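Sequential numbering of the sequence shown, starting at 89, is according to my numbering.
Report on the structure given below.
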Amino acid sequence: MGEDSAIHIMGAGLSGLAAATVLAKAGKEVHVHDIREDSGARFDGDFQALENWSMGVDFFDQLKEWGFDLSEFKATEFDIVDLIHPDNVVTQATTPSVAYRIVERGTSDHTIDQGFKRQALAAGAQIHYKSRVKEEDCTIIACGPKGTSAVAYGEIFHTDHPNHIGFQLNDKLAPGSYSYLIIIDGIGLICTCLWRKQKKSERFLNETIAWYEAHYPNLNRKPIKRVGGKGDFTINRNYKQDGRYYVGESGGLQDFMWGFGMRMAVWSGVLAANDILGKGNYEDDVRKHLMPYVRTSVANRWLMNRVGDRMFKRMCTAWMKDQKKNGDGLRWIGKLFRPSLFKSILYRFVSPFMLVKDPKSMGRGVRRMPFRKALKRDVWEQSPEAVAIGEQWNEVRRNGAKVSFAKDAETDNKPQ
Ligand SMILES: Cc1cc2nc3c(=O)[nH]c(=O)nc-3n(C[C@H](O)[C@H](O)[C@H](O)COP(=O)(O)OP(=O)(O)OC[C@H]3O[C@@H](n4cnc5c(N)ncnc54)[C@H](O)[C@@H]3O)c2cc1C
């Protein structure tokens with residue numbers, strides 16, 4: 089493509105729209121193509137957290153610096169979270185600053201996806217939905233996850249419970265990972281993440297909901313729909329290949345430990361756009377700004393894969409001890425996410441064993457973290473309460489409620 093020719097972006101999610109906005113603002117002709125009917129359709133009302141602990145700088149300050157208008161989407165700030173230990177003890181992690189902001193993903197006006205879409209359109213980008221293009225014909229590849237390294241399932245419901253967040257480390261309910269409860273303005277989400285591939289995976293969500301119902305008796309939950317999706321965690325030899333920029337999850341720029349990928353998605357989109365505008369070098373910038381965090385998360389994931397509830401309990405205890413000593417619950421979690429010499433050495437040793445080559449990566453040298461196998465301890469029967477929750481959901485579904493997880497298969501030929 090010549091210097092002045094139009095720039096085609098594959099994927100109108102966060103990374104693609106961020107890149108499109110920066111480019112269009114600089115006067116470039118930008119076309120964004122998405123196979124779905126709208127930005128955010130992949131998520132359909134899911135709540136997600138914009139983490140604010142992994143770096144010294146507030147993510148919203150970064151967004152402002154890059155020229156994004158924060159009033160275009162709804163974000164609810166939290167400085168507190170219920171930390172739910174594996175033995176059901178509940179403590180609270182708090183911070184004097186903003187710990188994270190909850191945003192909604194989807195196609196409603198107030199979602200972050202629609203907020204980014206409006207900004208891309210206002211800047212002059214043209215977005216083509218239900219448009220299939222070839223990777224070879226695009227300059228920026230921003231189409232989210234391709235393979236599956238982990239999955240998350242959630243239920244969205246009406247509730248009269250006040251705004252609240254719970255974060256639970258429990259290896260039975262969320263194998264190798266965590267579950268959470270988010271309540272914002274009368275809408276709740278209970279979600280469980282599975283970092284090991286399971287049979288009859290619905291039981292994990294049912295059992296998780298049963299757990300929250302038992303421990304948060306005032307939820308008064310009225311199911312609306314079930315959502316979910318997959319995460320794709322890869323390390324790439326090249327992030328720019330044959331003139332194409334791989335951003336967001338298409339470039340594997342994700343948090344291997346817990347899946348907080350939105351910040352890296354937007355950031356990588358901005359870096360790719362800057363390179364095109366002659367204001368940076370994408371390959372170098374990704375390695376400098378993002379890869380230290382990605383590599384740290386690989387090391388963290390390796391450690392997480394080796395532990396269970398006993399270690400999760402120790403983590404919760406250490407977190408609370410650190411908070412008591414330093415008066416800030418963000419410090420401990422921030423340290424876990426930040427690069428260190430130990431984590432970078434660990435990464436070198438463990439990554440060859442953790443990652444598997446993707447032969448279809450168009451010469452980019454992609455190594456993916458495969459979806460791990462289930463362990464013996466993952467085989468269990470649902471409690472009567474969880475069975476009842478499953479039956480309640482079947483009834484709600486028969487009356488027309490949606491499950492949006494299945495749509496994710498559009499980008500992956502393998503059944504999940
Ligand atoms: C259930 C779930 C919960 C999550 N929770 C969090 C969280 O709390 N915090 C956090 O930071 N991250 C979270 N993540 C991760 C986060 O959502 C992703 O890392 C982030 O959205 C990646 O942005 P992206 O731009 O790479 O992809 P997306 O935002 O997914 O956008 C990709 C776009 O490309 C389109 N597309 C796909 N294939 C094609 C194709 N062939 N051609 C054209 N377009 C295509 C899709 O339709 C989509 O619109 C979660 C993920 C899941 C699945």
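Each residue gets a CB set at the ideal place from its N, CA and C atoms; glycine is no exception.
Small disclaimer: the values here were computed from a predicted structure and weren't measured.
Per DSSP, residue i forms a beta bridge with which residues?
i       : result
Val-178 : Ile-172
Arg-189 : Leu-138 and Glu-165
Thr-322 : Arg-456
Tyr-268 : Phe-255 and Cys-279
Gly-316 : Tyr-241
Tyr-334 : Ile-229
Pro-311 : Phe-245
Arg-284 : Arg-460
Lys-328 : Tyr-333
Residue i: beta carbon under 7 Å from a heavy atom of ligand 1?
i       : result
Asp-122 : yes
Phe-348 : yes
Met-450 : no
Arg-206 : no
Lys-318 : yes
Leu-257 : no
Ser-265 : no
Glu-139 : yes
Ser-492 : no
Met-98  : yes
Glu-337 : yes
Arg-351 : yes
Gly-415 : no
Gly-232 : yes
Ala-240 : yes
Asp-75  : Outside the modelled stretch of the chain, which goes from 89 to 504, sits residue 75, for which no answer is possible.
Leu-111 : no
Gly-276 : no
Lys-185 : Contrary to the premise, residue 185 reads as Ser rather than Lys in this sequence. No, since every heavy atom of ligand 1 falls outside the 7 Å radius drawn around the Cβ of Ser-185.
Gly-101 : yes
Gly-194 : no
Ser-385 : no
Ser-237 : no
Gln-214 : no
Gln-342 : yes
Arg-507 : Outside the modelled stretch of the chain, which goes from 89 to 504, sits residue 507, for which no answer is possible.
Closest by CA to residue i, which one among the options?
i       : options                               : result
Met-457 : Val-186, Leu-341, Ala-489 and Ser-219 : Leu-341
Thr-322 : Leu-102, Arg-332, Glu-337 and Ile-364 : Glu-337
Val-467 : Arg-284, Gly-488 and Lys-376          : Arg-284
Lys-413 : Ala-181, Ile-200 and Gln-136          : Ala-181
Leu-225 : Asp-134, Leu-257, Lys-152 and Val-120 : Leu is not the amino acid found at residue 225; the sequence shown has Asp there. With distances taken between Cα atoms, Asp-225 lies closest to Val-120.
Ala-274 : Asn-306, Ala-262 and Leu-293          : The sequence given here places Gly at residue 274; Ala does not occur at that position. Comparing Cα-Cα distances from Gly-274 to each of Asn-306, Ala-262 and Leu-293, the minimum goes to Asn-306.
Gly-396 : Gly-104, Trp-346, Lys-260 and Leu-111 : Lys-260
Ser-237 : Asn-393, Glu-290, Ile-229 and Val-110 : Asn-393
Cys-281 : Leu-429, Phe-459 and Gly-144          : Phe-459
Gln-491 : Arg-389, Phe-131 and Asp-330          : Residue 491 is actually Val in this sequence, not Gln. For Val-491, the nearest C-alpha among the options comes from Phe-131.
Asp-446 : Arg-383, Glu-139, Thr-199 and Arg-325 : Arg-325
Ala-114 : Ala-210, Thr-195, Ala-163 and Gln-202 : Ala-210
Arg-189 : Glu-469, Ile-123, Trp-390 and Ile-272 : Ile-272
Val-178 : Val-145, Thr-405 and Arg-398          : Thr-405
Ser-265 : Lys-222, Trp-346 and Lys-310          : Trp-346
Ala-476 : Ala-100, Ala-213 and Glu-301          : Glu-301
Phe-135 : Phe-148, Thr-195 and Val-118          : Thr-195
Gln-583 : Trp-390, Tyr-304 and Asn-294          : Residue 583 lies beyond the stretch modelled for the chain, which goes from 89 to 504, so this question has no answer here.
Val-335 : Thr-227, Arg-206, Ala-208 and Val-186 : Thr-227
Val-382 : Ser-439, Ile-297 and Tyr-304          : Ser-439
Asn-140 : Gly-417, Lys-431, Ala-474 and Val-110 : Gly-417
Leu-424 : Gly-366, Ile-95, Asp-170 and Leu-391  : Leu-391
Arg-206 : Val-454, Gly-104, Lys-318 and Lys-401 : Gly-104
Looking at residue j and residue i, is the spacing between their C-beta atoms short of 8 Å?
i       : j       : result
Gly-276 : Phe-245 : yes
Ile-97  : Ala-230 : yes
Val-354 : Ala-106 : yes
Arg-291 : Phe-493 : no
Leu-378 : Gly-368 : no
Leu-257 : His-173 : yes
Thr-183 : Asp-167 : yes
Thr-199 : Gly-316 : no
Arg-485 : Ser-142 : no
Ile-215 : Ala-100 : yes
Tyr-304 : Leu-269 : yes
Asp-122 : Tyr-217 : yes
Gly-235 : Asp-320 : yes
Glu-117 : Ala-94  : yes
Entirely enclosed alpha helix (DSSP H) segments - the stretch 93-142, minimum 4 residues:
Runs of the alpha helix (DSSP H) inside the stretch 93-142: 102-113.
Please go through the stretch 214-263 and give each complete beta strand (DSSP E) segment of 3 or more residues, from N-terminal end onward.
Those beta strand (DSSP E) runs which fall completely within the stretch 214-263 and span 3+ residues are 214-217, 238-246 and 252-256.
Along the chain, which unbroken stretches of the alpha helix (DSSP H) at least 4 residues long are found entirely within the stretch 387-439?
Listed in chain order, the complete alpha helix (DSSP H) runs (minimum 4 residues) inside the stretch 387-439 are 397-414 and 417-425.
Which parts of the stretch 439-491 are runs of the beta strand (DSSP E), unbroken and 3 residues or longer, counting only runs that do not cross its ends?
Listed in chain order, the beta strand (DSSP E) elements of length 3 or more contained wholly in the stretch 439-491 are 454-456.
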